[in-house]
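Report on the structure given below.
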Amino acid sequence: MTVMEAIQARYSVRQYADKPIEAEKIEKTMEAGRLAPTASNQQLCKHIVVTDKELIRQMVSACEDQKWIETAPAVLVECASGDRTMICGQSARSMDCAIAMSYMTLEAVELGLQSCWLGWFSPEKVRALLNIPDDYVVVAVAPIGYPAKEGHRSSKKATEEVVVYNKMN
Ligand SMILES: Cc1cc2nc3c(=O)[nH]c(=O)nc-3n(C[C@H](O)[C@H](O)[C@H](O)COP(=O)(O)O)c2cc1C
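Counting with full-length UniProt numbering, you get residues 1 to 169 for the letters of the sequence shown.
Pasting the structure below:
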């Protein structure tokens with residue numbers, strides 16, 4: 001599978017099959033996060049994979065009661081320490097985490113898995129649940145697993161609406 005094929009095959013899944021993810025697939029997914037670029041190559045992210053069923057059950061309440069999360073055999077959590085605002089005005093660690101999560105979720109697709117990014121979560125609840133220290137920002141959460149059934153694909157805007165060559169009008 002090419003990178004573009006993985007990008008095309010990815011979609012958000014909110015119902016997972018009752019099937020564990022093989023250890024080597026989890027390892028490959030985490031490896032994709034480890035190899036992702038980071039601002040100044042500081043590599044301050046922690047790529048957490050939650051596989052404990054009870055912890056996953058408790059993630060539901062940390063994620064605004066999105067009950068379908070409980071169907072996932074694993075949940076990825078991206079956090080990072082030492083946040084700083086870059087000259088461009090963006091949080092270095094938020095970007096690092098978002099890139100790592102993108103890499104991991106695309107690698108997961110190559111392995112036959114799907115995921116769903118979550119922005120609806122309480123960082124403080126996730127922090128407390130997973131013993132994440134106070135100096136870490138918790139940026140992204142994504143349940144991951146085999147889809148229970150073929151899901152529907154979201155529509156995407158047309159190229160001319162979102163791609164700009166040179167200056168915006
Ligand atoms: C930053 C971010 C936050 C999101 N938060 C949630 C969420 O809390 N719950 C949820 O069900 N989906 C969430 N999604 C999934 C989006 O709804 C989904 O990506 C979007 O509808 C496009 O569908 P697709 O991923 O299948 O292309 C989130 C996606 C992103 C990128």
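Quick reminder that beta carbons are idealized off the backbone N, C-alpha and C, glycines included. Source: prediction; values computed, not measured.
With respect to A39, D96 sits close: the two C-beta atoms are nearer than 8 Å. Around the Cβ of C88, a 10 Å sphere holds fewer than 16 other Cβ atoms; the residue is exposed.
Not one heavy atom of ligand 1 is found less than 7 Å from the C-beta of Q8. Rounded to whole angstroms, the separation of the alpha carbons of E27 and C63 is 25 Å. Per the CB criterion, closer than 5 Å to any heavy atom of ligand 1, the qualifying residues run in chain order as Y11, S12, W117, L118, G119, W120 and S154. The C-alpha of L106 lies about 12 Å from the C-alpha of A36.
A Cβ-Cβ distance of about 7 Å is found for the pair M59 and L129, placing them in contact under the 8 Å criterion. Here the region 12-23 lies against the region 127-147, with 3 or more beta-carbon pairs under 8 Å apart. Burial is judged here by how many other beta carbons sit within 10 angstroms of a residue's own beta carbon; H152 has fewer than 16 and is exposed. Per the C-alpha coordinates, the member of L111, Y136 and V75 positioned closest to V3 is L111. Close CB contacts of S122 within its chain, under the 6 Å cut and outside five residues either way in sequence, are with A62 (chain order).
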